[in-house]
Structures are given as structure tokens and as C-alpha cells.
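If you're matching positions, the sequence shown starts at -4 in my numbering and goes up one per residue. Input: a single structure, listed below in C-alpha cells.
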Amino acid sequence: MSKVITSKSNLDFSRSELASMPTPGKLFMVRPTYFSIDYVINPHMEGNIGNVDKEKAMNQWEQVRDAFKKTGVEVHELEGAPKLPDMVFCANQSLPYCDDEGTKEVIMSIMHSEHRKKEVPLVEEWYLEQGYQTHHLNYKKTSSFEGMGDAIWHRGKKLLWGGYGFRTSLDAYELISETFKTPVIALKLNHPEFYHLDTCFCILDDSTVLIYPDAFEKKGLELIHSLFDTVIEVPKDEALNQFACNATCPDAKHVVIQQGATVTNQKLRDSGFTVLETDTSEFLKSGGSVFCMKMMAW
Ligand code: ARG
């Protein structure tokens, strides 16, 4: 049975009533060997075709990897593939899950753009090596789903937050809810610049989330405020120019984030988090930053 919640009126549980779920202890990243901007599939890529400094991108990627290592999470590296310039954004090809008994499963994405579809089977190989059971969504029942870019687990809880409207279609969440036997809170995304949930929503710990409020509708904001005690708001310029919501907090303490988001960083520190700034400027040109550059896993 599936359970997809789109407004507060059908929210029938509180955070403390949710089943627990192990927090991921590892992540993988895809090396940017073949990263470039060859086409435009989001507004940030416009005007940037051919505009990636590859050496700089490699250095920045290594900095992000090292920042993750500092938080204590185990980091795996996968190689990229020729003609797949966006594969480095490995938040998108899959959505893994692990239950309390340690059974690992993953749903493979149906990428929205033809340009990115061949990334999915390459990433699937890693899951098979790691002992995951893999699932494929019925493409007759849904048109697209872009993995953890749009579907983010609540920290430590069996609850999925899902964004839809640009890269993922709402009907994908019915299938995901059924496959993982988990409730899904589906949030409609409003602005093309904030085309994935991870561009405007970042869970920091069980009760704290970082958001760019204007990316959501009123219904979505109500749901967010119902399930988090602390909602930290990012100002527009930092959400857009520094992708401040595209941060990652792997251990509920350290926040790896694009450098220069001064207002956001102060708010994070005021809430007790340690900020680890890193420069992802080459990846921002493609519409991605820290969060998109890794996949949390078990
Ligand atoms: N150029 C990539 C695309 O448009 C960027 C993906 C960023 N990923 C993310 N999870 N927000 O697909």
C-alpha cells in the first residue's frame, strides 16, 4: 500500500511516531574525469557550454571529497564515463534504502533527460557489488524520477521527502512508497532554478532543515514546518548563487557547503553546526554543488 502526502490535511503522524532507519555510514562519488557542460537541461547551464576548467574542477572535487572524509564518513570513488558529462552528479541515478535488519535495497532512476539515461546502469553496478537488491520503476506508470536529487530520507527515520514538478513526476512517489513501504511527503517545486529538491531543502539532523522557502508552495511549507522543529531559511542570493541549500550534513554536526554563503553559515553556526566551506564553482555552472556530488549509502 502506498502513502503519499501532499498537504497537512492528510498528515496523520508526528515525527516521534515514525519507524527508525539506520543512518548511512558511507557515500560514493563519481570522479569528474569526463565532467563538462555539453548541453542545457537546467537554467544554470545556460551560457556555460564548453565553459568548464577541467583541472580546477578536479581539484574542487578532491576538496569536497576530503571535506566529507573529515566528517568521518567512508568515501568510495567511482570512475566516470566518456560522453556522460553529468555523471559526476551522482545524487541522481538512484535512491538507496536500508532497513533496521541491514537489508539493502535501491531504486534506480528514470532520468528526465535523454542525455543522462546511460548513467543509470553504470551506477547500478556499484550497488550490485555492494550486495543491494535493485528495483526498477515501471516506466509505464511514471515518466521520471531523479533519485536522491529529489528524494531525501529524513535523518534516522523511515520517511521520505520527495520533490516533484521538474525532474521527477508525482506518480513516481506512489511506486516508491509501495516498493520501500514508506510514507512519502511530496513537495511541489515552483521555480526552474530550484529544479531538484536538493537545491532548496537540506536535512541537517532529525529536527533541523535548511530551506529556500520561495521554492515551495504554501502547502509544502506547512508540511515542512509540521515535521521539523527548526527551519533555517536561506536568503535568495545565497540559495541561487552559492547553492547554499545544496549542502550535506553526513553526521548531524558538520555541514559541507559551497563557500561564501555568509548569512547561511552564521545561521548554521548559531544552531550549533560546524561549517566546512568548499569551492564548487565549476560545478555550480552546471547547476550542482556539494549535495549533488555524492550519494549517501549503507
Ligand atoms: N547538470 C546536471 C543536471 O541538470 C546537474 C544535476 C545536479 N544534481 C542535483 N542533484 N541537483 O542534471
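For every residue, glycine included, the Cβ atom is placed at its ideal position computed from N, Cα and C. From a predicted model like this one, the values you see are computed outputs, not experimental measurements.
Nearest residue (CA-CA) to residue i, options the options
i: ILE0; options: LEU154, LYS113 and GLU114; result: LEU154
i: ARG17; options: TYR92, ASN43 and CYS197; result: In the sequence on display, residue 17 carries Pro and not Arg. PRO17 has its Cα closest to that of TYR92, out of TYR92, ASN43 and CYS197.
i: VAL179; options: ARG162, TRP148 and THR163; result: TRP148
i: SER11; options: LEU90, SER202 and ALA256; result: SER202
i: GLY160; options: LEU184, TYR168, ASP166 and LYS99; result: LEU184
i: GLU124; options: THR269, VAL229, HIS71 and LYS280; result: HIS71
i: ILE102; options: MET82, SER172 and LEU73; result: SER172
i: SER15; options: ALA210, LEU263, VAL68 and LYS176; result: LYS176
i: TYR190; options: SER4, ALA234 and LYS135; result: ALA234
i: HIS131; options: GLY255, ALA167, GLY67 and LEU205; result: ALA167
i: GLY75; options: TYR29, THR225 and PHE196; result: TYR29
i: PHE278; options: PHE211, PHE84 and ILE105; result: PHE84
i: GLY67; options: ASN43, SER138 and PRO19; result: PRO19
i: TYR127; options: GLU169, VAL118 and ASP274; result: VAL118
i: VAL204; options: ALA210, PHE211, ASP224 and HIS186; result: ASP224
Nearest-angstrom Cβ-Cβ length linking residue i and residue j, presumed shorter than 8 Å
i: GLN261; j: PHE238; result: Incorrect: roughly 17 Å between the Cβ atoms, too far for contact.
i: ASN46; j: ILE32; result: 6 Å
i: GLY151; j: LEU182; result: With a Cβ gap of about 20 Å, GLY151 and LEU182 do not count as contacting.
i: THR257; j: VAL229; result: The Cβ separation is near 11 Å, so there is no contact.
i: TRP56; j: MET288; result: 7 Å
Residue i: CB within 7 Å of a non-hydrogen atom of the ligand ARG
i: ALA86; result: yes
i: ILE252; result: no
i: ASP81; result: yes
i: ILE36; result: yes
i: THR194; result: yes
i: ARG111; result: yes
i: CYS296; result: Not covered by the structure: residue 296. The range shown for the chain is -4 to 293.
i: SER266; result: no
i: MET24; result: no
i: HIS220; result: no
i: MET291; result: no
i: GLY283; result: yes
Three-state secondary structure assigned by DSSP to residue i
i: GLU124; result: helix
i: GLN55; result: helix
i: ILE219; result: helix
i: LYS65; result: helix
i: GLU212; result: coil
i: LYS21; result: strand
i: PRO80; result: coil
Local Cβ density within 10 Å of residue i, reported as buried at 16 or more and exposed below that
i: PHE27; result: Reading off the sequence, residue 27 comes out as Pro, not Phe. With 16 or more other Cβ atoms within 10 Å, it is buried.
i: MET(-4); result: exposed
i: ASP145; result: buried
i: ASN241; result: buried
i: ALA86; result: buried
i: ASP48; result: exposed
i: ASP200; result: buried
i: ALA62; result: buried
i: LYS51; result: exposed
i: ASP81; result: buried
i: LYS280; result: buried
i: ILE227; result: buried
Proximity test, Cβ basis, 8 Å: residue i and chain B
i: PHE175; result: Judged by its chain identifiers, the structure shown contains no chain B, having just a single protein chain.
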